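Chemist: In this note's numbering, the protein residues as written are 139 to 629.
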Ligand SMILES: *Cc1c(COP(=O)(O)O)cnc(C)c1O
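1. Can you grab the Cα-Cα spacing for the pair residue 407 / residue 625, in whole Å?
2. Distance check for residue 551 and residue 257, CA to CA, integer angstroms please.
3. Using the Cα positions of residue 216 and residue 189, report the straight-line distance between them to the nearest angstrom.
4. To the nearest angstrom, report how far apart residue 594 and residue 613 are at their CA atoms.
5. Hey, could you find the ends of the alpha helix (DSSP H) residue 237 is sitting in?
6. At a cut of 8 angstroms, does the stretch 208-222 reach the stretch 398-415 through at least three beta carbon pairs?
7. Where does residue 307 sit, in a helix, a strand or coil, going by DSSP?
8. Between which two residues does the beta strand (DSSP E) containing residue 359 stretch?
9. So is residue 377 buried or exposed if we call it buried at 16+ other beta carbons inside 10 Å?
10. Who are the Cβ neighbours of residue 329 in its own chain at under 8 angstroms, not counting the five residues just before and after it?
11. Under 8 angstroms by Cβ, that's how I've got residue 274 and residue 260 pegged, so tell me the actual separation to the nearest angstrom.
12. Quick check on this structure: which residue in 489, 434 and 490 has the alpha carbon closest to the alpha carbon of residue 469?
13. Residue 241: beta carbon under 8 angstroms from a heavy atom of ligand 1?
14. Please identify the residue among 473, 234, 513 and 231 whose C-alpha is closest to the C-alpha of residue 498.
15. Could you compute how far the alpha carbon of residue 176 sits from the alpha carbon of residue 418?
16. Tell me whether residue 391 counts as near ligand 1, meaning its Cβ is closer than 8 angstroms to at least one heavy atom of that ligand.
17. Say whether the stretch 197-204 touches the stretch 510-526, bearing in mind that this needs 3 or more beta-carbon pairs closer than 8 angstroms, one atom from each stretch.
18. Have a look at 503, 539 and 213 and flag the residue whose alpha-carbon is nearest the alpha-carbon of residue 518.
19. Under the assumption that residue 186 contacts residue 380 (Cβ atoms under 8 angstroms), give the Cβ distance between them as a whole number of angstroms.
20. If I follow the unbroken beta strand (DSSP E) through residue 510, where does it start and stop?
21. Residues in its own chain within less than 8 angstroms of residue 421 by CB, not counting five upstream and five downstream?
22. Does residue 261 come out as helix, strand or coil in the three-state DSSP assignment?
23. Are the CB atoms of residue 350 and residue 270 nearer to each other than 9 angstroms?
24. Got a sec? Which residues, its chain only, sit under 6 angstroms from residue 290 by beta carbon, not counting five neighbours each side?
25. For ligand 1, is there a heavy atom less than 8 angstroms away from the beta-carbon of residue 247?
26. Rounding to the nearest angstrom, what Cα-Cα distance links residue 439 and residue 487 in this structure?
27. Ends of the alpha helix (DSSP H) at residue 535?
28. Pull up the CB-CB distance for residue 564 and residue 589, whole angstroms please, since I reckon it's below 8 angstroms.
29. Indicate whether the contact test is met: 3 or more Cβ pairs, each with one atom in the stretch 447-456 and one in the stretch 528-537, closer than 8 angstroms.
30. Give the DSSP-derived three-state secondary structure of residue 318 in the structure shown.
31. In the DSSP assignment, what residue or residues form a beta bridge with residue 118?
32. Roughly how many angstroms lie between the CA atoms of residue 559 and residue 428, to the nearest whole one?
33. Between residue 599 and residue 317, which are expected to be in contact by the criterion C-beta below 8 angstroms, what is the C-beta distance as a whole number of angstroms?
34. Quick check on DSSP: helix, strand or coil for residue 422?
35. What does a CB cutoff of less than 6 angstroms around residue 430 pick up in its chain, not counting 5 residues either side in sequence?
36. Who are residue 494's beta bridge partners in DSSP?
Spelled out as structure tokens, the structure:
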């Protein structure tokens, strides 16, 4: 099925949506309708390797790709994961499971989509007879940047330029990006926060002058952020994969289902879970876990989105976001797929920093969504508690989710089995994790080694290797200088 746009307009083939990243009117592409998977379809996934599961789900979602094209792309995308299951489900205690999405090359869940996106992008260019170079522009709160750089590194006909907030990411995250090889990769530190980077790029994406300057030098721009439909769709697959695994091993029954807790920033991962639910996955509640930047948790409680608030840097930097792009896709569904209504909310957000969906839509949203947050102190305690009680080590983002789940279970009588979405390896945030688990700290690399000694979990090779790689990228710019920085990088 083709795609439509959250702010109205005509429908578009998936390949063009992936190639463009964002719609010309500033809205986001969404599937026009979602296929339903029967119980039998879903159960049968459990007997397949991960790539085959993903191929099945994705061929139903990408309208102008053949099943063969999808299958070939998916098979090669999941070759470089350090766990044969790709996205394994681990039980940490009674009724509580963890979906580990950090086994890809950059140790965060972004790899689940960004190992595949370059392949879908190349196919999309071909289908749309696009012969210009594709300049992928990325704003990152820490993990998307490295995952996009690795995905697009040395892919012919593409380049990848990443903006990250200076001082707003972990030491390891920064080194992962600035040491990236490849002739077509560019990394720029922005004097600003993630929201500045994301809104700066969104403005450039719809700026005719910039688009034509790029075109004049033989380039067309696209996005590898989760505003791109090609980022979102691959994430739906792992929810079906996890439910099939759980059902097979008896962790859940199809009738009672499971609650899913997602550490959330830009609302991409949890939105994929919403789509999986609409497609028939046995998901009950979707619990949105924020850090101290609790704009989403507050929205889910009140129906009012208010970004006029202090921006905090936290120990879960990939969730330090106040303007959450993918929420627009949920709003589209809540509005009854009314592009005008969504457009109005987005105008309110742009002009006043807030919008309100009203009590009726709030009620509908709360039939599925629950929102809460955990600050750094509660997050550190959660890392410590789970390590002591369950001998399982969470990264700070996933620990936010665990803490929100603990609160939810103690506040409600809902004891439905729960699936915590683990979005990053603890080794990406060694220093904070080490400290939280009560060990003596050190710099990022010393911490990683100490963490390994204390837990017996080996340090991932890519982290060890970082120490000896030269820094190749050191460009810095102001928010007002993003366009100039891109043009200079791509010269
Ligand atoms: C990106 C990221 C998140 C937030 O995911 P969204 O899809 O933006 O909500 C959470 N945790 C980690 C480790 C991330 O990299």
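All C-beta atoms, glycine included, are put in the ideal place defined by N, C-alpha and C. Bear in mind that the values here come from a model prediction, so they are computed numbers and not experimental data.
Modeler: This is what the structure gives:
1. The sequence position of residue 407 within the chain shown is 269, counting from 1. The sequence position of residue 625 within the chain shown is 487, counting from 1. Taking the straight line joining both Cα atoms gives about 31 angstroms.
2. Within the chain shown, residue 257 is the residue found at index 119, counting from 1. Within the chain shown, residue 551 is the residue found at index 413, counting from 1. About 45 angstroms.
3. Counting from 1 along the chain shown, the entry for residue 216 is found at position 78. Counting from 1 along the chain shown, the entry for residue 189 is found at position 51. Spanning the two alpha carbons is a distance of roughly 6 angstroms.
4. Within the chain shown, numbered from 1, the residue matching residue 594 stands at position 456. Within the chain shown, numbered from 1, the residue matching residue 613 stands at position 475. Whole-angstrom Cα-Cα distance: 38 angstroms.
5. Locating residue 237 in the chain shown gives position 99, where the first residue counts as 1. Note, residue 237: premise wrong, no alpha helix (DSSP H); beta strand (DSSP E) at 234-238.
6. no
7. Looking up residue 307 in the chain shown gives position 169. Three-state result, residue 307: coil.
8. Within the chain shown, numbered from 1, the residue matching residue 359 stands at position 221. Where residue 359 is concerned, the enclosing beta strand (DSSP E) stretches over 357-361.
9. Along the chain shown, one-based indexing puts residue 377 at 239. Buried, because 16 or more other Cβ atoms sit within 10 Å of the Cβ of residue 377.
10. Here residue 329 corresponds to residue number 191 of the chain shown, with the count starting at 1. Here the set comprises 304, 614, 615, 616 and 617.
11. Within the chain shown, residue 274 is the residue found at index 136, counting from 1. Within the chain shown, residue 260 is the residue found at index 122, counting from 1. Not quite, the Cβ-Cβ distance comes to about 12 angstroms (not below 8 angstroms), so this is no contact.
12. Numbered from 1 along the chain shown, position 331 holds the residue referred to as residue 469. The shortest Cα separation from residue 469 among 489, 434 and 490 belongs to 434.
13. The count along the chain shown starts at 1 and reaches residue 241 at position 103. No.
14. Locating residue 498 in the chain shown gives position 360, counting from the first residue. Taking only the C-alpha atoms, the option nearest residue 498 is 473.
15. On the chain shown, position 38 is the one that residue 176 refers to. On the chain shown, position 280 is the one that residue 418 refers to. Cα-Cα distance, rounded: 7 angstroms.
16. Reading the chain shown from its first residue, position 253 is the one you call residue 391. No, Cβ of residue 391 sits at least 8 angstroms from all heavy atoms of ligand 1.
17. no
18. Along the chain shown, one-based indexing puts residue 518 at 380. Out of 503, 539 and 213, 539 has the C-alpha closest to the C-alpha of residue 518.
19. As a working note, residue 186 is residue 48 in the chain shown. As a working note, residue 380 is residue 242 in the chain shown. So it is not a contact: roughly 14 angstroms between Cβ atoms.
20. Indexing the chain shown from 1 puts residue 510 at position 372. From DSSP, the beta strand (DSSP E) with residue 510 extends over 507-511.
21. The residue you call residue 421 lines up with position 283 of the chain shown. Within the same chain, residue 421 has close Cβ partners 377, 381, 395, 396, 397, 398, 411, 414 and 415.
22. By 1-based counting over the chain shown, the position of residue 261 is 123. It is helical.
23. In the chain shown, counting from the first residue as 1, residue 350 sits at position 212. In the chain shown, counting from the first residue as 1, residue 270 sits at position 132. No, they are not a contact pair.
24. Translated into the one-based positions of the chain shown, residue 290 becomes position 152. Closer than 6 angstroms at the Cβ level, and outside the excluded window around residue 290, lie 256, 274, 296 and 298.
25. The residue labelled residue 247 in the question sits at position 109 within the chain shown. At least one heavy atom of ligand 1 is nearer than 8 angstroms to the Cβ of residue 247, so yes.
26. Position 301 of the chain shown holds residue 439. Position 349 of the chain shown holds residue 487. Taking the straight line joining both Cα atoms gives about 18 angstroms.
27. On the chain shown, residue 535 is found 397 positions in, with the first residue counted as 1. Counting along the chain, the alpha helix (DSSP H) containing residue 535 begins and ends at 534-549.
28. On the chain shown, residue 564 is found 426 positions in, with the first residue counted as 1. On the chain shown, residue 589 is found 451 positions in, with the first residue counted as 1. Sure, about 7 angstroms apart at Cβ, within 8 angstroms.
29. yes
30. On the chain shown, residue 318 is found 180 positions in, with the first residue counted as 1. Residue 318 falls in the coil class under three-state DSSP.
31. A query on residue 118 cannot be resolved here, the shown segment of the chain reaching from 139 to 629 and no further.
32. Start at 1 with the first residue of the chain shown, and residue 559 comes out as number 421. Start at 1 with the first residue of the chain shown, and residue 428 comes out as number 290. Cα-Cα distance, rounded: 13 angstroms.
33. As a first step, residue 599 is located in the chain shown; it is residue number 461 there, counting from the start. As a first step, residue 317 is located in the chain shown; it is residue number 179 there, counting from the start. Incorrect: roughly 14 angstroms between the Cβ atoms, too far for contact.
34. As a working note, residue 422 is residue 284 in the chain shown. Of the three classes helix, strand and coil, the one that applies to residue 422 here is strand, per DSSP.
35. One-based indexing of the chain shown puts residue 430 at position 292. Excluding sequence neighbours, residue 430 sits near 450, 452 and 513.
36. As a first step, residue 494 is located in the chain shown; it is residue number 356 there, counting from the start. For residue 494, which the question treats as bridged, DSSP gives the partners 442.
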